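In the working numbering, the protein residues as written are 265 to 329.
What follows is one structure encoded as structure tokens, with my remarks underneath.
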């Protein structure tokens, strides 16, 4: 069975929020003396995620018809 993949569109601000949240989770796990390997791997994957430039289409939902 093929593994499902998810792609997120985010800016630098969003990426920093995710990294800070993962770091807080890691800190909590260290405090509880739990293994941090999965969180460590995810922090590395998010921080090294490649950037792809995408053209954004303008929303025309509020135009008069």
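Each residue gets a CB set at the ideal place from its N, CA and C atoms; glycine is no exception.
Note that the structure is predicted; figures quoted are calculated from it, not measured.
For a cut-off of 8 Å, the C-beta gap from residue 279 to residue 310 is around 7 Å, short enough to register as a contact. By the CB criterion at 7 Å, residue 307 and residue 286 fall inside the cutoff. Residue 276 holds the alpha-carbon nearest to the alpha-carbon of residue 312 among 276, 266, 320. A direct Cα-Cα distance of roughly 21 Å separates residue 321 from residue 270.
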